[in-house]
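Residue numbers (the working numbering), protein chains in the order written: chain A, 1 to 119; chain B, 1001 to 1119.
Positions of the beta carbon are idealized from the N, C-alpha and C atoms, including for glycine.
In this text the structure is predicted, and so the values were computed from the model without any measurement.
Structure first, then comments.
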DNA sequence: TGAATATTTGAACAACTATTCAAGTATATT
DNA sequence: AATATACTTGAATAGTTGTTCAAATATTCA
């Protein structure tokens, strides 16, 4: 029997069809998720956010972001392995810098939108 | 003794000072991380991406995103508790939709940038 | 009221992740 | 060569997270 919801549910069905057609491929999905995952840790986000201000060595990054040098180093490795940052040796020091500007834009957008929210 | 790195290291130090001044506050950092964390799971990202196409009920979402109804429901709860989506009862169904357009923009940017990459 | 459909929920379990600590490598200085 | 500084790495551990399964709730319809 036709009830008041039929129209709305038909729309849902049409939306589902469109959504199914436009779904992200397995590899695209995995790549986008991986980026978000890397940015989901406070330590790593701090590092990326700090490097957006300029190049720095591990000691300075640790000073800015807190924690131990070892923990920061582990996080730097993850970010580097995933192409978000890059490293260059300068004598005894390693100079870290941003490798993927796209990721910076995503971070900048997220921070900007956060500040828009009124709660 | 002055070596070739001094200038660069002095720059690092100045960058560190700037980075320290501009660091995200504890709560801002946590909120941005939380958003990224919610988007870092393939199931949840699929859900958000699907809802960007329009409103849908749990059954349709499960059809689009795969997995079991229970798993999708658990993920919907997390997204809802964090204000990313909202729900409305329509008879026996729940109609889920986007609550935070900012998050959609972040997802859209991430997907768009992914497609720019040449590798 | 009772059966059917749609969704939620809690508990348990397996998989993953971040940190710590100790030991390792790399470079510079003496 | 020996020491100091800067950083990395591996293993262990504790905490977190996603999924599953079974049971519960909510609504509709006969």
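Review point. Residue range of the beta strand (DSSP E) that residue 1105 of chain B falls in?
Key: Membership of residue 1105 of chain B in any beta strand (DSSP E) is not indicated; the residue belongs instead to the alpha helix (DSSP H) covering 1101-1116.
Check your understanding: Can you give the beta carbon distance from residue 1046 of chain B to residue 106 of chain A, rounded, assuming they're within the 8 Å contact cut?
Key -> The pair is not a contact, with the Cβ atoms about 18 Å apart (cut-off 8 Å).
Practice item. Assign residue 1088 of chain B to one of three DSSP states: helix, strand, or coil. Key: strand
Exercise for review: Return no unless some Cβ of chain A is closer than 8 Å to the Cβ of residue 1067 of chain B.
Suggested key: no
**Study point:** DSSP beta-bridge partners of residue 1096 of chain B
**Key:** Answer by DSSP bridge pairing, in chain order: B:1056, B:1087.
**Study point:** Short CB-CB distance (under 8 Å) between residue 1084 of chain B and chain A
**Key:** no
**Study point:** Residue environment, residue 27 of chain A, which counts as buried when at least 16 other CB atoms sit within 10 Å
**Key:** exposed
Practice item. Grab me the residues of residue 72 of chain A's own chain with a C-beta within less than 8 Å of its C-beta, minus the 5 sequence neighbours each way, in chain order. Key: 43, 47, 58, 61, 62, 65
Exercise for review: Please check if any C-beta of chain B sits within less than 8 Å of the C-beta of residue 57 of chain A.
Suggested key: Output row for residue 57 of chain A: interface = yes.
Check your understanding: Is residue 1016 of chain B helix, strand or coil by DSSP?
Key -> In the structure shown, residue 1016 of chain B falls within a helical segment according to DSSP collapsed to helix, strand and coil.
Point to revise | Whole-angstrom C-beta distance between residue 1086 of chain B and residue 1097 of chain B, which should lie under 8 Å | key: At roughly 6 Å, the Cβ-Cβ gap stays under 8 Å, so residue 1097 of chain B and residue 1086 of chain B are in contact.
Practice item. Kindly list, in the order they appear in chain B, the residues whose Cβ is closer than 8 Å to that of residue 13 of chain A. Key: 1060
Practice item. For the alpha helix (DSSP H) containing residue 1023 of chain B, list its first residue and its last residue. Key: Where residue 1023 of chain B is concerned, there is no enclosing alpha helix (DSSP H), given that its DSSP letter is neither H nor E.
Review point. Quick one: is residue 1088 of chain B near chain A, going by C-beta distance under 8 Å?
Key: Interface with chain A (8 Å Cβ-Cβ cutoff): residue 1088 of chain B is excluded.
Practice item. Answer with yes or no whether the minimum CB distance from residue 102 of chain A to chain B is below 8 Å. Key: Output row for residue 102 of chain A: interface = yes.
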